[in-house]
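*Asks:* First the structure, which I've put down as structure tokens, then a few questions once you've had a look.
Protein chains: 2
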Amino acid sequence: MDTSATTPQLLRHANLRAVLEVLRASPAVTGTDLIQATGLTRATVIAVCDDLIARGWARETDASRAPGGQKGRPARKFEFNEHAGHVLGLDVGMATVRVLVADLSGAVVGRETARFSGHDASAGERSETITATIDAALEAAGVPGSSVLSVGVGVAAPVDRKGRIARGHHLGALFDLGHGKGPWADRDWPVLLENDANLAALAERWRGAGSGVDNLAVVLAGERLSSGLIESGRLLHGSGGGAGELGTLEIVEGVGSHDGIAKLARLWGTAALKAGEPTLIRDLVGPGTTRVSARFVFEAAAAGDALALEILDRIARRMARVLSLITTFFDPELVVIGGAVAASATALLPALTEELGKLVDSPPRVAVSDMGEALVPTGAVRLALDHVEANMLDLVPAARRGA
Amino acid sequence: MDTSATTPQLLRHANLRAVLEVLRASPAVTGTDLIQATGLTRATVIAVCDDLIARGWARETDASRAPGGQKGRPARKFEFNEHAGHVLGLDVGMATVRVLVADLSGAVVGRETARFSGHDASAGERSETITATIDAALEAAGVPGSSVLSVGVGVAAPVDRKGRIARGHHLGALFDLGHGKGPWADRDWPVLLENDANLAALAERWRGAGSGVDNLAVVLAGERLSSGLIESGRLLHGSGGGAGELGTLEIVEGVGSHDGIAKLARLWGTAALKAGEPTLIRDLVGPGTTRVSARFVFEAAAAGDALALEILDRIARRMARVLSLITTFFDPELVVIGGAVAASATALLPALTEELGKLVDSPPRVAVSDMGEALVPTGAVRLALDHVEANMLDLVPAARRGA
DNA sequence: GCTTATTATTTAGTGTCTAAATTTAAGCTC
DNA sequence: GAGCTTAAATTTAGACACTAAATAATAAGC
């Protein structure tokens, strides 16, 4: 709906887009298929395909149709050239960096994870670690850096629509992730920064529980709580990227802070242990230890330990209150819980949905993510792919570079 | 970004749109202006304008330029034909219906308000009242019904993106507002239902405090609380239209229900009176009366009455908590408070912003609507205009109808 | 009345699409 | 293998919309 002037070439541009979109969605396609999908004439469809092939975004497959099948002249078959380039999906956390390398079909062809040297690592050190991890991932995948068409990066901070970390956020000092800086200082990759919970939402909608869902919330509930919100298929950012940050839930009765599931399990588990209550958790933790990791609480609960079960119940009820607020403000069709302990969070679901049903008139479906650690980087891949797809016709595929 | 096929005519279509958009935005424009605004050639611009004139959406003004100014052949001047049709903006409440008639520039040319016969009025009676009110408004404006190109309707219920009132909502039983039913049974107007708070948001962004703001929340806070949310310039609906309904804020500490400002003022004012506390409110209400309307509380506060001021302070703090939640989830740039008592709500602002500043890291600007009763119907006009503008080239202007 | 400036209109040329006719490359039948 | 059938590709003619450049119109200034 933009006030843009148009030239005849723009027509072709639009048709290139249309055909490309079909090609991306289907494995291998004949001219006739494209005629039906786009409504264009055969002459046009073929011309557009030849154009796409010349630009490097599509390729023609050796017809080789099933013998004894169709009569008539064999159709040419066209398909999306998923090797026309690659994208990187990064999850840059406080302690670790995860890198995925994917081709343009979204298939992951390489991955690598590294830990930063320490909590007090400088921005420069962190940059070097990120660069090294990217290089390792690319090498493992056999993908040259020149093939990278865009990079999606998830960070645990609000990021506005222009890809800037919220001013004054502590993460801004720890990393140097701006365009053309830090890890990508000497590469000309388009770098897209995005909040990690938002990327989790993209990931769940792409390959998780939210596929095909246009109104979706994802709550990252490991150590801290944050949420990514998709409305009508679009990510919400708010004016400064702070939408869904859940930073001020302290005012909610029964939700004393924005602590996530893992942290609550640890806190309450430790508290119970200190109080000397009889529980299986003590045996799991072992003698002499006072720190209770979240895992032990979940294990004890799975074994039927009453105290652990009660802790889970409290966590579930607290989560239900958070979800009830999200429902009030967004009315999503589905809420997915992700984050470090997502797998164990399944145990919370019955109590959570029951409590949510009490709090809200028409509660959304609630699911637990099964994407594990890959959640955020997968969303980063999706973000990078979105960018490539949106700008495909203005880009030059890796193979054609310099030609 | 839709996968749509394109024909050469689509080019013209796009340019018609582009030129029309410029025409709508500026008073009277020459070909040269359009060349600069659109980047098209003079030949094209003129052809497009002639096309628009032929279709009825634009008109040519008698050049009559300031004498003694420009040399050269006088430029033709084109302008948007705001009389090519009209729109209706309705606010259908429980007790009243408000109707605005506007031309395509958005100028209000007629208005009418009516009360329904009673709370127990049937859907049929209500329909008749609405029809009569519309007819009166059109007649007063001298606009024939055939000139109406679309109708925006605000209702106090969740409405999904397809214009359907949430299933099971009590308002659905009181009205019969579906497409081609009730008040518009024998007219062929496109009717666009929308939640009233959402329309308030559209109105504030169009002609209120939110002009030019892309991330905006409007809170209708008269009797009940509800909010309309605009993110990146788009209204949020959620999966069932329930986004921003604020129906479950009961779980928030200090916000015991979704009562609005007027209701709280009334409740707390009445309670104070019953408790026998000394206050100016008693004098304003008059002897023998126990019902305290919100107005008296605001008047007493304006006169410096301590108890009234304290009530306002409590209301302000409660509102601040609601706004802090909105901020947490949406991060809007601006929040506008509207609804029945908006004008008096200005008195709440200092305490409200102070409290909000304590609750939230980077609080949004807060403003009070000055659009009064016109707020929702103005938003309905905006909604109707949006629809007309989006579909303009597929519509037939009123004047050309039947030709 | 001539020049100059500005705009409108006309003309020729280009890119893109459709529709219809033609060509190509198979499978099938005899 | 010749000939028929079929499905797809290609070619051709025509339509539409745009640009660029040339031409025409209209007013102000001298």
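In the order they appear, the protein sequences are chains A and B.
At the far end of the first sequence sits residue 403, using the UniProt record's numbering, and the numbering has no gaps.
At the far end of the second sequence sits residue 403, using the UniProt record's numbering, and the numbering has no gaps.
Note that CB positions come from ideal geometry on N, CA and C, so glycine has one too.
When we look at the beta-carbon of A/T346 and count the other beta-carbons within 10 Å, is it buried (16 or more) or exposed?
*Replies:* Exposed, because fewer than 16 other Cβ atoms sit within 10 Å of the Cβ of A/T346.
*Asks:* Can you round the beta-carbon distance between B/V87 and B/L149 to whole angstroms, since I take them to be within the 8 Å contact cut?
*Replies:* B/V87 to B/L149, Cβ: 6 Å. Contact.
*Asks:* Note down, in chain order, every chain B residue with its Cβ under 9 Å from the Cβ of A/G233.
*Replies:* Within chain B, no residue comes near A/G233; the closest Cβ sits about 11 Å away, beyond 9 Å.
*Asks:* Going along the chain, which residues of its own chain have a beta-carbon closer than 6 Å to the beta-carbon of A/W206, five neighbours each way excluded?
*Replies:* Result list for A/W206: R382, in chain order.
*Asks:* I'd like the ranges of any alpha helix (DSSP H) spanning at least 4 consecutive residues and lying wholly in the stretch 107 to 163 of chain A.
*Replies:* Here the runs fully enclosed are 123 to 141.
*Asks:* Counting Cβ pairs, one atom from each stretch, are 3 or more of them under 8 Å apart for the stretch 122 to 133 of chain A and the stretch 318 to 335 of chain B?
*Replies:* The stretch 122 to 133 of chain A is not in contact with the stretch 318 to 335 of chain B.
*Asks:* Compile a chain-ordered list of the residues in the stretch 313 to 328 of chain B whose CB is closer than 8 Å to at least one CB of chain A.
*Replies:* Those residues of the stretch 313 to 328 of chain B that come within reach of chain A (Cβ to Cβ, closer than 8 Å) are R321, S324, L325, I326, T327 and T328.
*Asks:* Are the beta-carbon atoms of B/T6 and A/L11 separated by less than 8 Å?
*Replies:* Against a cut-off of 8 Å, the Cβ pair of A/L11 and B/T6 comes out as a contact.
*Asks:* Anything in chain A within Cβ reach of B/L375, meaning under 8 Å, just list it in chain order.
*Replies:* Neighbours of B/L375 on chain A: none; closest Cβ ~21 Å, over 8 Å.
*Asks:* Just to make sure I have the definition right: I need the residues of chain A whose C-beta is within less than 8 Å of the C-beta of B/S26. Which are they?
*Replies:* Residues of chain A passing the Cβ test: none, with the nearest at roughly 12 Å.
*Asks:* Do the stretch 208 to 228 of chain A and the stretch 277 to 291 of chain A make contact, defined as three or more Cβ pairs closer than 8 Å?
*Replies:* Cβ pair count under 8 Å is below three, so no.
*Asks:* Residues in the same chain with beta-carbon distance under 6 Å from A/P8, minus the five sequence neighbours each way, listed in chain order, please.
*Replies:* The answer is none, since no qualifying residue turns up.
*Asks:* On the three-state DSSP scale, how would you describe A/A221?
*Replies:* A/A221: strand per DSSP, three-state reduction.
*Asks:* Any idea what DSSP makes of A/H13, helix, strand or coil?
*Replies:* In this structure, A/H13 counts as helix in the three-state DSSP scheme.
*Asks:* Figure out for me which residue from B/D176, B/I261 and B/A47 has the closest Cα to the Cα of B/V297.
*Replies:* Out of B/D176, B/I261 and B/A47, B/I261 has the C-alpha closest to the C-alpha of B/V297.
*Asks:* With burial defined as no fewer than 16 other Cβ atoms inside 10 Å of the residue's Cβ, what is the status of A/D394: buried or exposed?
*Replies:* The residue in question, A/D394, is exposed, as its Cβ has fewer than 16 Cβ neighbours within 10 Å.
*Asks:* Three-state secondary structure (DSSP) at A/T96?
*Replies:* Looking at A/T96 - three-state DSSP - the assignment turns out to be strand.
*Asks:* In the structure shown, what three-state DSSP assignment does A/F296 receive?
*Replies:* Three-state DSSP puts A/F296 in a helix.
*Asks:* Apart from the five residues on each side of it in sequence, which residues of its chain come closer than 7 Å, Cβ to Cβ, to A/L309?
*Replies:* Once the five neighbours on either side are set aside, the close Cβ partners of A/L309 are A301.
*Asks:* I'd like the list of long-range same chain contacts for A/A200, defined as Cβ closer than 6 Å, with 5 residues on each side in sequence excluded.
*Replies:* Closer than 6 Å at Cβ, skipping near neighbours: V218, L220, G228, G338, L375, V376 and G379.
*Asks:* Would you say the beta carbon of B/A306 comes nearer than 7 Å to a heavy atom of the ligand NAD?
*Replies:* The model on display carries no ligand, and the ligand NAD is accordingly not part of it.
*Asks:* Would you kindly check if the distance between the Cβ of A/T353 and the Cβ of A/V341 is under 8 Å?
*Replies:* Not a contact, by the Cβ cut-off of 8 Å.
*Asks:* Could you please give me the residues that DSSP links to A/G338 through a beta bridge?
*Replies:* DSSP lists A/L220 as partners of A/G338.
*Asks:* I'd like the list of long-range same chain contacts for B/H83, defined as Cβ closer than 7 Å, with 5 residues on each side in sequence excluded.
*Replies:* Excluding sequence neighbours, B/H83 sits near D103.
*Asks:* For A/S324, does the three-state DSSP call read helix, strand or coil?
*Replies:* In this structure, A/S324 counts as helix in the three-state DSSP scheme.
*Asks:* Can B/N81 and B/A58 be called in contact, C-beta distance under 8 Å?
*Replies:* Yes, Cβ-Cβ distance for B/N81 and B/A58 is below 8 Å.
*Asks:* At which residues does the beta strand (DSSP E) containing B/R59 begin and terminate?
*Replies:* Start and end: A58 to T61.
*Asks:* With 16 other CB atoms within 10 Å as the buried threshold, where does A/S239 fall?
*Replies:* By the neighbour-count rule (16 or more Cβ atoms within 10 Å), A/S239 is buried.
*Asks:* Does chain B have any CB closer than 8 Å to the CB of A/E245?
*Replies:* It does; some Cβ of chain B falls within 8 Å.
*Asks:* Decide yes or no for the touch test of the stretch 110 to 118 of chain A against the stretch 129 to 148 of chain A: beta carbon pairs closer than 8 Å, at least 3 of them.
*Replies:* Touching, yes, given that three or more Cβ pairs across the two stretches are closer than 8 Å.
*Asks:* Figure out for me which residue from B/K77, B/G124, B/D135 and B/E245 has the closest Cα to the Cα of B/D160.
*Replies:* With distances taken between Cα atoms, B/D160 lies closest to B/E245.
*Asks:* If I follow the unbroken beta strand (DSSP E) through B/N198, where does it start and stop?
*Replies:* B/N198 -> not in any beta strand (DSSP E); alpha helix (DSSP H) instead, spanning D196 to R207.
*Asks:* When you compare only the Cα positions, how much space is there between A/A303 and A/R224?
*Replies:* Roughly 26 Å between the two C-alpha positions.
*Asks:* For the alpha helix (DSSP H) holding B/V381, just list the boundary residues, first then last.
*Replies:* Run containing B/V381: L375 to N391, per the alpha helix (DSSP H) assignment.
*Asks:* Enumerate in chain order the residues of its own chain whose CB-to-CB distance from A/K95 is below 8 Å, with the five nearest sequence positions on each side excluded.
*Replies:* Residue 95 of chain A is actually Ala in this sequence, not Lys. Excluding residues within five positions, the ones whose Cβ falls inside 8 Å are R115, F116 and H119.
*Asks:* Ignore the nearest five residues each way along the sequence and tell me which others in B/P364's own chain have a CB closer than 7 Å to its CB.
*Replies:* For B/P364, where only same-chain residues beyond five positions count, the Cβ hits under 7 Å are T327, P332, E333, L334 and V335.
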